[in-house]
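Colleague: After the structure tokens below, expect a handful of questions from me.
Residue numbers (the numbering used here): 23 to 159.
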């Protein structure tokens with residue numbers, strides 16, 4: 023099963039892409055820390071200090087300014103960056119949900135909420151220089 027979330031961000035593709043892969047930028051809208059630059063073949067540790075949580079991602083494939091494909095917690099995430107007028111359409115596809123699980127629907131809803139929140143925080147950071155990261159409680 024696949025969960026797809028997309029949002030237009032009114033910045034160029036390079037700016038949006040670099041905001042995801044650069045540790046000094048990602049902390050302004052998503053994770054509080056990224057252990058390294060995201061590059062193909064690397065394992066990167068991402069930290070949410072506020073929630074005392076860590077996750078490792080393995081970057082499987084990446085073409086700069088086009089897409090990033092990584093695995094986390096047994097699921098595959100594909101981020102696609104497309105020029106859309108004067109902005110960027112960022113589409114996130116996450117696969118690997120167990121559809122036979124009794125909690126599948128709740129997992130999919132929670133996953134969708136997470137991606138909408140992350141994309142909204144990225145949009146606020148890039149378009150309005152606002153840091154909404156970790157605002158949810």
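C-beta: ideal position from N, C-alpha, C; glycine also.
Is it right to say residue 55 is buried, meaning 16 or more other beta carbons lie within 10 angstroms of its own, or is it exposed?
Modeller: exposed
Colleague: Could you please give the first and the last residue of the uninterrupted beta strand (DSSP E) stretch that includes residue 134?
Modeller: No beta strand (DSSP E) contains residue 134, which is instead part of the alpha helix (DSSP H) from 126-150.
Colleague: Please return the same chain residues whose Cβ sits closer than 8 angstroms to the Cβ of residue 36, not counting the five positions on each side in sequence.
Modeller: 87
Colleague: With distances taken from CA atoms, which of 110, 128, 108 and 82 is nearest residue 98?
Modeller: Of the listed residues, the one whose Cα sits closest to residue 98 is 82.
Colleague: Within its chain, find whatever has a CB closer than 6 angstroms to the CB of residue 30; leave out the 5 residues flanking it on each side and keep chain order.
Modeller: 106, 109 and 111
Colleague: Name the one or two DSSP bridge partners that residue 100 has.
Modeller: 91 and 115
Colleague: When the Cα atoms are used, what is the spatial distance from residue 145 to residue 120?
Modeller: Straight-line Cα distance between these residues: approximately 30 angstroms.
Colleague: Which same chain residues, not among the five before or five after residue 73, have their C-beta less than 8 angstroms away from its C-beta?
Modeller: 156
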